[in-house]
Amino acid sequence: MHGLMMSMPMTIGSILEHAQRVFGSKLVVTRQPDRSLHVMTYRDLHTRVKKLANALTALGIQPGDRVGTLGWNHHQHVEAYFGIPEMGGIIHTLNIRLSSGQLAYIINHAEDRAILVDGSQIPLLEDIKDRIRGVEHFIIWSGADQVACNLPGTIHRYEDLLDEADASHECPVRDERAAMGLCYTSGTTGHPKGVLYSHRSMYLHTMGVNQANAFGLTERDNVLAVVPQFHAMCWGLPYGAALAGANLVMPGPFLDAASLAELLHDRRITVAAGVPTIWNSLYHELKRNPVDISSIRALIVGGSAMPRPLIKAYEQELGVNVMHAWGMTETSPIGSVCVPLSRHRDLDPEAAWDVKARQGPPVAGVALRIARDEEEQPWDDRATGEIQVKGHWVASQYYRTENVAEHFTSSGWFRTGDIAAIDPDGYVRITDRTKDLIKSGGEWISSVELENTLLSHANIRETAFVALPHENWGERPLAVIVPHDRNEGISLQEVRRHLAPKFPRFWLPDAMALVSDIPKTSVGKFDKKVIRQQILKGELEIIRE
Ligand code: ADP
3 MHGLMMSMPM
13 TIGSILEHAQ
23 RVFGSKLVVT
33 RQPDRSLHVM
43 TYRDLHTRVK
53 KLANALTALG
63 IQPGDRVGTL
73 GWNHHQHVEA
83 YFGIPEMGGI
93 IHTLNIRLSS
103 GQLAYIINHA
113 EDRAILVDGS
123 QIPLLEDIKD
133 RIRGVEHFII
143 WSGADQVACN
153 LPGTIHRYED
163 LLDEADASHE
173 CPVRDERAAM
183 GLCYTSGTTG
193 HPKGVLYSHR
203 SMYLHTMGVN
213 QANAFGLTER
223 DNVLAVVPQF
233 HAMCWGLPYG
243 AALAGANLVM
253 PGPFLDAASL
263 AELLHDRRIT
273 VAAGVPTIWN
283 SLYHELKRNP
293 VDISSIRALI
303 VGGSAMPRPL
313 IKAYEQELGV
323 NVMHAWGMTE
333 TSPIGSVCVP
343 LSRHRDLDPE
353 AAWDVKARQG
363 PPVAGVALRI
373 ARDEEEQPWD
383 DRATGEIQVK
393 GHWVASQYYR
403 TENVAEHFTS
413 SGWFRTGDIA
423 AIDPDGYVRI
433 TDRTKDLIKS
443 GGEWISSVEL
453 ENTLLSHANI
463 RETAFVALPH
473 ENWGERPLAV
483 IVPHDRNEGI
493 SLQEVRRHLA
503 PKFPRFWLPD
513 AMALVSDIPK
523 TSVGKFDKKV
533 IRQQILKGEL
543 EIIRE
């Protein structure tokens, strides 16, 4: 027997409907290219979203068509997050930091019919114009002077399209399982693969991240989304903020630490979200030029492991609460969030930071286990295994990609490729990615744990460990290090001495390279693929014992 309750489709449109009815005067704030702040209400957003939906329809875009976006975090991009799904289209966020080959690949693979683009990003498209012949419309977000571009489709000015469009629009989406968003993995581990979100999955993800046991956004929050809108749906923040009625603040192109510090202070930010490299540089900026950021209740961090020394420094020196989260494009992206338990409140600070360095328990809506293939491992914080997930917002396959089998177990769990232990409370501790583990003499060495510990050294600004091929041992760890002060430098003995108390002898690196910068991926993670290539090409000056 079915229940006798109404069935209302869970659509992206219903999120915005709620925002404008209940929180119509709350704000979306954008730092514009000229550094001035643009301020609009959710009511304004609602109007412009409806206009965008009508404008796209007038251009001939049909429900189910893919519409690309290529730009920074700003209100026009938020309008696209709502406006494209509003008319039944699928927003395909294009990462501005991809190589031209990858960008052309994903635009063609997705068969984007139109692309909304920042004036400043037009050269990226001009570069690949002969390879993306299927795009019929280019809609330019900023200034009139930038419309004179050399692209193969019809060129439109975004504001002109909106001016001409009607503000009343009824969303045609009746089936909540209809696709609304397409995001390609950043390809850290190979060719980008498309993850196709539905209205239902994204709606449930929004409810999921807004749980008090996750980001817990409310109307009292001012949210700064540093994580790019072109990466993993901006961790769901535009939708989460709108549903909760929180003010949403977008940094535009200004992701440097000084600009972020200014926004955190001036907009009294309560929740800010970004990757560890961003928070690492912000920390150094705040130490140099302190500003009052006591409004922050959660500095959310994810995308790669937040080193424990940095969590400790934020809390101890700056009084900022760090909230560690884990996820991936395939999980929409939020899978776990480290919100402390009541019993963690009684821990001494060192033990509490140990907890905060963990990626937290799975959020309700995601089932998570560690396993070796199908063999589940215990939650005793010792056994390790691959994180495998199932859930309302977990991909069931990749967009138009064969070869599904390797990504799922025979009983249907999604294989994340991340290796972790889980404590009896369900708190995940990621020890590595399958591809980044170092195998020495048949034993595994965790690059993440070495990085975490070495970063607490006073003269080390950044460090990444990768495997160096070795005749006897198969692989040995190589420490790639950015020192704070190059002149002062750091010796291999000093590195080993710093690590020795915590790790078995065979974990200690017998080689290192001092560099001024560690290569990063398009989303700011250490790009170990590039480091490995640098080693192969002999581009790194390797210092050995
Ligand atoms: P890609 O796989 O291309 O890097 P994603 O941005 O989807 O694309 O990255 C997901 C991966 O990022 C995860 O599988 C995991 O390896 C890593 N990751 C995300 N959050 C964390 C975290 N808090 N700690 C450690 N690793 C993380």
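Numbering-wise, our numbering puts 161 at position 159 of the sequence shown, and it's gapless, one number per residue. Virtual Cβ for every residue (Gly too), placed ideally from N, Cα, C.
Listed as beta-bridge partners of Q390 by DSSP are R371 and R417. Under the three-state reduction of DSSP, M204 is assigned to helix. Between the stretch 155 to 171 and the stretch 373 to 384 there are fewer than three C-beta pairs closer than 8 Å, too few to call the two in contact. In the DSSP assignment, L72 falls within the beta strand (DSSP E) that extends over R68 to L72. Ranked by how close their Cα comes to the Cα of L72, the residues T95, M89 and H158 have T95 in first place. Nearest to N97 by C-alpha distance, out of L118, G90, R417 and H77, is L118.
Closest in alpha carbon position to E178, among S9, R290, D114 and P311, is S9.
Close CB contacts of N215 within its chain, under the 6 Å cut and outside five residues either way in sequence, are with V341 (chain order). Membership of Y186 in the beta strand (DSSP E) is indicated by the continuous run A181 to Y186. Per the DSSP secondary-structure output, Y199 pairs in a beta bridge with G183. Assignment of E477 by DSSP, reduced to helix, strand and coil, places it in the strand class.
Excluding residues up to 5 positions away in sequence, T465, A466, F467, V468, M514, A515, V517, I520, I533 and L542 lie with their Cβ nearer than 8 Å to the Cβ of V482 in the same chain. Boundaries of the alpha helix (DSSP H) around F84: H77 to E88. Distance from the Cα of A243 is smallest, within the candidate group A227, P426, L100 and L265, for A227. D434 is bridged by DSSP to I421. For the options H158, R435 and L266, the alpha carbon positioned closest to that of I447 is the one of R435.
Within the chosen limit of 7 Å, ligand 1 reaches the beta carbon of I432 through at least one heavy atom.
For G15, same chain residues with a beta-carbon under 6 Å away, outside a window of 5 residues either side, are E88 and C173 in chain order. Looking from the CA of G66, the closest CA among G183, A106 and F84 belongs to G183.
Pairing Y400 with G70 gives a Cβ-Cβ distance that is not under 8 Å. For S442, the uninterrupted beta strand (DSSP E) segment begins and ends at I440 to S442.
With respect to K522, D438 sits apart: the two C-beta atoms are not nearer than 8 Å. A direct Cα-to-Cα measurement between S27 and P278 gives close to 33 Å. With fewer than 16 other beta carbons inside 10 angstroms of its own, H486 counts as exposed.
The continuous stretches of alpha helix (DSSP H) do not include S170, and DSSP gives it neither H nor E. Look at the beta carbons and you see the stretch 246 to 261 not touching the stretch 416 to 436: under three pairs across the two are nearer than 8 Å.
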